[in-house]
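Chains as they are written, first to last, in our numbering: chain R, 31 to 577; chain W, 985 to 1211.
We put the beta carbon where it would ideally sit given N, CA and C, even for glycine.
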Ligand code: SF4
Ligand code: SF4
Ligand code: SF4
Ligand code: SF4
């Protein structure tokens, strides 16, 4: 019996907040405004683009022109409200209905916002200390070099400049590109010479190899070193002594100027933003976890997107592509200002609820909020239907769409009591993003599967309730298998983790009862791993047959 | 809130070993919030019992009901028609709730499903900390909001004792000295005089079962002749 799912239409606020007005943020604002949404573009700095609070000064001529055009279009747009000297002070609510507090110099304004795009820029941190150098007139950072080349290139005529990179940090294409651009600018000048001392050269980006060869052909000298050279900085005299790999002897060079590399990394502001917006931090201070479901610009929360330097170190065009992708995501979410969603996606029975906060604290998508009258509310727009909350709720007060407890328990009972002549009954809870697909594949390709296998579909392993697992065994199943997504590949980020904890908990219960804990098996898989599924289930059958 | 822990399964199993039909009653308030005795745990305990008893060859029938609060009579009413079908009850409420059920159904054995542990706070999902021993004469006003009955190993009202050791209690270096903390917080609030003032001893004779009638309700009890 299939019932027509009741749908519900929800009105959304369609204004979009873009945090950060560096090149990526400006681009995102322009793209989103072009889709017909009003944009609030904020930045802590004094202006847009180059004047934004933070920004790696890595723009060359062509990009600068693009940026200028973007800034102009944003300034001229009636759809974009620019607020400089402004930061986000707080945020609450859910996609389509966020409230944010923006504080400028003297006042705080509250805005109603449908979606948020975080566009913090990459920041550069000079690494002179790692080279034992103090910054001075003759020892400068890559950013200072770029600024100087922009301002007065003639000052470098007749000068020799040594660039140091890849010795204080792992090589990085973005760092290399900036260096090579400066090297090329030097080589294009009369009798200026450039030396590059590099630990390693990472050319894995479009056009980098070509740029490198161009520099070399124009006369730049590259020395590849395996260890830090001896660098002297005394009374304005510089010298670099290194083991020349070609000449196989020590060589001393006295450049006029040393340019030290910079580490390019995440803006420190990210941590505070993550905290405020309740989004997961990834590695190295970036705002995206390594999870295929988050790419390209999504976070664990619907309606909050991260672009450019807020999520990774990537060249400028990658950041601009992010901005375009964010605009698409915003359009998909906000549409015409309404969204139609199954009414039973996740339903909280407030009569059963005991206000324990467990669901609110556990939802990995920030989809549950505490209403003004002090009750938990699930945002149907934000909810991804993973069922983690439902399985954690001590009062079974939350029901998930087609996976409500009554139906699930019913299915588990039927599965557990079914007997296939002598073969052990195995109830396999399969996440529909991985285990279920793998099961179908195994079946389709005729791979071996246990005779007594009963699969029970769940929207995410997070929906596998410890009660279901124990109920299956109580009703006569010989074993229970939970097939979840690989950690870090779970659509709900933590569904697979929760399921593994519950499985361990249930195993502990079996041990306390005095039966083998391997009657419960938690395993991770992917949708295309039918053979894997078959293997795990067959070995479970073997385990159980031996008992 | 009152914090409880699920009793070790072995104990529960032993208590109900002679019974064939058992009703497990959850409590939807404190013990549900601390994830020990709500509807979820009722279901899980029943499954554990079924698995264990089937294995022993003496199957058990279980029922599960979770009431709003076992410490209020009205909420126990819903059990009235049901309990007769069972030979025993396991209550998953705190000791108060368990006793209230036992009192209401004196003809049927009632067993505890949880160990009632303390009055405490919730630090994170599943993580609770004891805060109060219900001594009946709260001294938090003197002690900067830190309970010496709970936190101080000796329950001193005028501490610290000579065993305070760089912020730790002498019983265990992991155990913070309550009075060290009290001193720190009072100092911050410029209220160190509190340490010098003598805090009168609690009348520990109050440790008989206590009854409280809230001030506004004495008249109500009298008017309705409720004793
Ligand atoms: S089903 Fe998942 S996403 Fe939806 S409210 Fe529950 S935990 Fe959050
Ligand atoms: S977990 Fe359940 S009982 Fe607790 S607040 Fe959420 S809905 Fe209410
Ligand atoms: S019976 Fe105990 S656990 Fe239940 S509500 Fe009352 S005090 Fe709390
Ligand atoms: S002094 Fe401590 S034990 Fe006594 S009532 Fe106050 S908090 Fe509770």
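Query	Result
Which stretch, first to last residue, makes up the alpha helix (DSSP H) that contains residue 1042 of chain W?	No alpha helix (DSSP H) contains residue 1042 of chain W, which DSSP labels as neither H nor E.
What is the rounded straight-line gap between the Cα of residue 31 of chain R and the Cα of residue 372 of chain R?	Because the pLDDT of residue 31 of chain R is 39, which lies under 50, any placement of that residue in the model is unreliable, and the number read from its coordinates should be weighed accordingly. Distance between the alpha carbons of residue 31 of chain R and residue 372 of chain R: 18 Å.
With a CB to CB cut of under 7 Å and the five nearest residues on each side skipped, what residues in its chain are close to residue 1046 of chain W?	1006, 1008, 1030, 1033, 1034
Can you list the residues near ligand 4, meaning Cβ strictly closer than 6 Å to any non-hydrogen atom, in the order they appear in the chain?	W/1116, W/1117, W/1118, W/1119, W/1122, W/1123, W/1124, W/1131, W/1133, W/1134
Rounded to the nearest angstrom, what separates residue 579 of chain R and residue 460 of chain R at their Cα positions?	No information on residue 579 of chain R is available, as it lies outside the stretch 31 to 577 that chain R covers here.
Where does residue 102 of chain R sit, in a helix, a strand or coil, going by DSSP?	helix
Got a sec: is the Cβ-Cβ distance from residue 454 of chain R to anything in chain W below 7 Å?	no
What is the residue span of the alpha helix (DSSP H) that residue 563 of chain R lies within?	560-575
State the beta-bridge partners of residue 272 of chain R as determined by DSSP.	R/281
Could you pull the DSSP bridge partners for residue 129 of chain R from this structure?	R/122, R/142
Which runs of the alpha helix (DSSP H) fall wholly inside the segment 155-237 of chain R and span at least 4 residues, in chain order?	172-181, 203-217
Report yes if the C-beta of residue 298 of chain R is less than 6 Å from at least one heavy atom of ligand 1; otherwise report no.	no
How is residue 31 of chain R classed by DSSP in three states: helix, strand or coil?	Interpretation of residue 31 of chain R is limited by its pLDDT of 39, a score under 50 that renders its predicted location unreliable; the figure taken from the coordinates is listed afterwards. Coil, per DSSP.
Round the Cβ separation of residue 51 of chain R and residue 99 of chain R to the nearest angstrom and send it over; I've been treating them as touching at under 8 Å.	Not a contact, Cβ separation roughly 15 Å.
Looking only at its own chain, which residues have a Cβ that is under 8 Å from the Cβ of residue 230 of chain R, when we skip the five neighbours before and after it?	196, 200, 201, 254
Relative to the C-alpha of residue 1150 of chain W, which candidate in W/1188, W/1139, W/1163 has its C-alpha closest?	W/1163
Distance, Cα to Cα, residue 177 of chain R vs residue 218 of chain R?	17 Å
Among R/153, R/409, R/60, R/351, which has the Cα closest to the Cα of residue 106 of chain R?	R/60
What residue ranges within the segment 1119-1198 of chain W form continuous alpha helix (DSSP H) runs of no fewer than 4 residues, ordered along the chain?	1132-1135, 1162-1172, 1177-1180
Decide if residue 1209 of chain W is buried, meaning its Cβ has at least 16 other Cβ atoms within 10 Å, or exposed.	exposed
Comparing the CB of residue 585 of chain R with every heavy atom of ligand 2, is any distance shorter than 6 Å?	Lying before the first or after the last residue shown, residue 585 of chain R is absent from chain R, which here runs from 31 to 577.
Contact criterion: CB-CB distance below 7 Å. Does residue 581 of chain R meet it with respect to chain W?	Any property of residue 581 of chain R remains undetermined from this structure, which presents chain R solely from 31 to 577.
Measuring only from the beta carbon, is residue 388 of chain R closer than 6 Å to any heavy atom that is part of ligand 2?	yes
Could you name the residues whose beta carbon sits closer than 6 Å to any heavy atom belonging to ligand 3, keeping them in chain order?	W/986, W/1011, W/1013, W/1014, W/1015, W/1053, W/1054, W/1055, W/1077, W/1078, W/1080, W/1081
Under the criterion of a Cβ to heavy atom distance below 6 Å, does residue 406 of chain R qualify as lining ligand 2?	yes
Quick one: list the residues of chain R neighbouring residue 1016 of chain W, beta-carbon separation under 9 Å, in chain order.	384, 386, 424, 425
Any residues in the segment 498-530 of chain R with a beta carbon nearer than 7 Å to a beta carbon of chain W? Which ones, in chain order?	500, 501, 503, 504
Using 7 Å as the limit for Cβ to Cβ distance, is residue 438 of chain R near chain W?	no
Taking a contact to mean a Cβ-Cβ separation below 7 Å, would you say residue 339 of chain R touches residue 210 of chain R in this structure?	no
Is the CB-CB distance between residue 422 of chain R and residue 393 of chain R below 7 Å?	no
Out of W/1124, W/1042, W/1081, W/1188, which has the shortest C-alpha to C-alpha gap to residue 1058 of chain W?	W/1081
Return the first residue and the last residue of the beta strand (DSSP E) that residue 1066 of chain W is part of.	Element bounds for residue 1066 of chain W: n/a, residue is neither H nor E.
Determine the chain W residues that contact residue 542 of chain R at a beta-carbon separation under 8 Å, and present them in chain order.	992, 993, 994, 1032
Taking Cβ positions only, does residue 539 of chain R come closer than 7 Å to chain W?	yes
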